[in-house]
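Q:
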Amino acid sequence: MQSSDRDLSGPEASPSVMPEVLSECSPAPTKSTAFDLFNLVLSYKRLEIYLEPLKDAGDGVRYLLRWQMPLCSLLTCLGLNILFLTLNEGAWYSVGALIISVPALLGYLQEVCRAQLPESELMRRKYHSVRQEDLQRVRLSRPEAVAEVKSFLIRLEAFLARLCYTCESAYRVLHWENPVVSSQFYGALLGMVCMLYLLPLCWVLALLNSTLFLGNGEFFRVVSEYRACLQRRMSPKQEECVCEGSALQDAGGRAVVLDSTPAPTPTEDLTPGSVEEAEEAEPDEEFKDAIEEDDEGTPCPAEDELTMQDNGFLSKNEVLRSKVSKLTERLRKRYPTNNFGNCAGCAATFSVLKKRRSCSNCGNSFCSRCCSFKVPKSSMGATAPEAQRETVFVCASCNQTLSK
1 MQSSDRDLSG PEASPSVMPE VLSECSPAPT KSTAFDLFNL VLSYKRLEIY
51 LEPLKDAGDG VRYLLRWQMP LCSLLTCLGL NILFLTLNEG AWYSVGALII
101 SVPALLGYLQ EVCRAQLPES ELMRRKYHSV RQEDLQRVRL SRPEAVAEVK
151 SFLIRLEAFL ARLCYTCESA YRVLHWENPV VSSQFYGALL GMVCMLYLLP
201 LCWVLALLNS TLFLGNGEFF RVVSEYRACL QRRMSPKQEE CVCEGSALQD
251 AGGRAVVLDS TPAPTPTEDL TPGSVEEAEE AEPDEEFKDA IEEDDEGTPC
301 PAEDELTMQD NGFLSKNEVL RSKVSKLTER LRKRYPTNNF GNCAGCAATF
351 SVLKKRRSCS NCGNSFCSRC CSFKVPKSSM GATAPEAQRE TVFVCASCNQ
401 TLSK
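Structure below.
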């Protein structure tokens, strides 16, 4: 207790020593710099303004390499190759001096001819400002500043994502995670070293320029488009030649057919019109069946009215249902699902002797032997009174199905 009392009473005994000790131990407080996000956005804007010429130059180079204007890209490629192969050392020095002097002259003229804009004009043109001084003098409102900060953060995130992806790709190539890509990369480096050692610099530059212009996918796309355009231009002429040749062949074939036909007898007329009329007058077997059944089963309107008068229980709905069922049968017969030239049952080829017959239930094409079973229409769902006594042709499988 006494020692503690002495420790506590020590500073009170020598009060003059305390400020000196505190001054020696504690350093002078420094003013902490606060992070201003809006100043960061302004710095980014200024950096964009500084790098805008380089961005425009990069856009122009990409425009040429992507062959957006094929003629300009082709002339640029040929012109650069000619310059690389023909210029000597003195000419290259002259080109370098020209490249240095032209931007210097343009910058001097821009500074001399620049007009001082008032504050009101700057505020009106703040969204179209192109100079650093103008950007510093323009004052943005709080919502505009927040929007600028958000836009900057979005761009920063996209830039960091692209940078991270590039670093990951380089890491994979350097560590041989993909052997094919790594071998191509190191092989290209070794090839460039050998090329620089064996070939002159002008040839190396010409090869590099030709690879950049002619080795990308856009060049092959433009070539394929022009090739397709030339083919479209040449195709009408080819089609005309083909049409003329086919017309000559048709004319020759018709002449041969007319020469080989026998002379018409007095009892029959074999003119082209009469032949066509005869062909139209003889329908196929399937249409014959449909026509015959329609003629047998469809009475005239007067008979329908008499039937309705005699049979009082027959209503209009039943008449409509009978007509619908008949139309369905007609469509099933006229549009068979099997349009090939063979029977669906025995695979026999249809000919003049072996006629085609369509099954009234499934619609497939059969010969007369395979489609020889007759069933009443009522077994297929027809509700008309006539369906009880009318029969149609069906195949063997449909006959078994409908008979159950």
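Take 1 as the starting number for the sequence shown in full-length UniProt numbering and just add one per residue.
Where a beta carbon is used, it is the ideal one built from N, C-alpha and C, also for glycine.
1. Less than 8 Å between C-beta atoms, sequence neighbours within five positions excluded: which residues of the same chain meet that for L402?
2. First and last residue of the beta strand (DSSP E) that includes K374?
3. Using beta-carbon positions only, say whether F366 and G345 come within less than 8 Å of one another.
4. So for V352, helix, strand or coil by DSSP?
5. Is it the case that the Cβ atoms of S210 and C113 are separated by a distance below 8 Å?
6. Could you tell me whether the stretch 210-221 touches the stretch 90-105, using the rule of 3 or more Cβ pairs below 8 Å?
7. Which residues bound the alpha helix (DSSP H) around residue 423?
8. For C370, I'd like the list of residues in its chain whose CB is within less than 7 Å of its CB, leaving aside the five on either flank, ordered along the chain.
9. By the DSSP assignment, the alpha helix (DSSP H) with Q110 in it spans what residues?
10. Please confirm whether V173 and F185 have their CB atoms less than 8 Å apart.
11. Please report the distance separating the alpha-carbon of K45 from that of C202.
12. What is the rounded straight-line gap between the Cα of E225 and the Cα of C194?
13. Please state the DSSP three-state secondary structure of C342.
14. Are there 16 or more other CB atoms within 10 angstroms of the CB of K377, so buried, or fewer, so exposed?
15. Please name the residue in L65, F35, V41 whose C-alpha comes closest to that of F152.
16. Return the CA-CA distance between C72 and R66, expressed in angstroms with no decimal places.
17. Are the beta-carbon atoms belonging to F35 and A145 less than 8 Å from one another?
18. Roughly how many whole angstroms lie between the Cα atoms of A387 and R232?
19. Counting only beta-carbon separations shorter than 8 Å, does G107 have a partner in chain C?
20. Less than 8 Å between the C-beta atoms of N81 and A188, yes or no?
21. With which residues is T391 paired in a DSSP beta bridge?
22. By a C-beta neighbour count over all protein chains shown, 10 Å radius and 16 as the cutoff for buried, is N88 buried or exposed?
23. According to the Cβ coordinates, are P70 and V181 closer than 8 Å?
24. What do you get for T166, buried or exposed, if any count of 16 or more other CB atoms within 10 angstroms of its CB means buried?
25. Excluding the 5 residues flanking D56 on each side, which residues of the same chain have their C-beta closer than 6 Å to its C-beta?
26. Does R66 come out as helix, strand or coil in the three-state DSSP assignment?
27. What separation, rounded to the nearest whole angstrom, lies between the Cα atoms of Q68 and G60?
28. Leaving out five residues on either side along the sequence, give the residues of the same chain with a beta carbon under 7 Å from the beta carbon of Q309.
29. Give the range of the alpha helix (DSSP H) segment to which W203 is assigned.
30. Would DSSP call R357 helix, strand or coil?
31. What's the call for F220, buried or exposed, on a 16-neighbour Cβ count within 10 Å?
32. Residues in the same chain with beta-carbon distance under 7 Å from L196, minus the five sequence neighbours each way, listed in chain order, please.
33. If we ignore side chains and look at the alpha-carbon of each, how far apart do L230 and P53 end up?
34. Helix, strand or coil for F366, going by three-state DSSP, please let me know.
35. Among L199, V95, S372, R62, which has the Cα closest to the Cα of C359?
A: The structure says:
1. Setting aside the 5 residues that flank it on each side, L402 is surrounded in the same chain by N361, V375, S379, M380, V394, each with a C-beta closer than 8 Å to its C-beta; the list follows chain order.
2. 373-376
3. yes
4. coil
5. no
6. no
7. What is shown of the chain runs 1 to 404, which leaves residue 423 out entirely.
8. C343, G345, C346, C395, A396
9. For Q110, the enclosing alpha helix (DSSP H) begins and ends at 89-112.
10. yes
11. 40 Å
12. The alpha-carbon of E225 is positioned some 36 Å away from that of C194.
13. In the sequence as displayed, the identity of residue 342 is Asn instead of Cys. In this structure, N342 counts as strand in the three-state DSSP scheme.
14. buried
15. For the residues L65, F35, V41, the minimum Cα distance to F152 belongs to V41.
16. Whole-angstrom Cα-Cα distance: 11 Å.
17. no
18. Approximately 60 Å, taken between the alpha carbons.
19. Considering every chain present, this structure includes no chain C. It has just one protein chain.
20. no
21. P376
22. N88 comes out exposed.
23. no
24. exposed
25. none
26. R66 falls in the coil class under three-state DSSP.
27. 11 Å
28. Annotation note: pLDDT 46 at Q309 (below 50); position unreliable, coordinate value reported separately. Excluding sequence neighbours, Q309 sits near nothing in its chain.
29. Per DSSP, W203 is one residue of the alpha helix (DSSP H) stretching across 201-214.
30. If DSSP states are grouped into helix, strand and coil, R357 belongs with the strands.
31. exposed
32. Only residues of its own chain outside the window of five on either side were considered, and among them V204 have a CB closer than 7 Å to the CB of L196, listed in chain order.
33. 40 Å
34. Strand at F366.
35. Nearest C-alpha to C359: S372.
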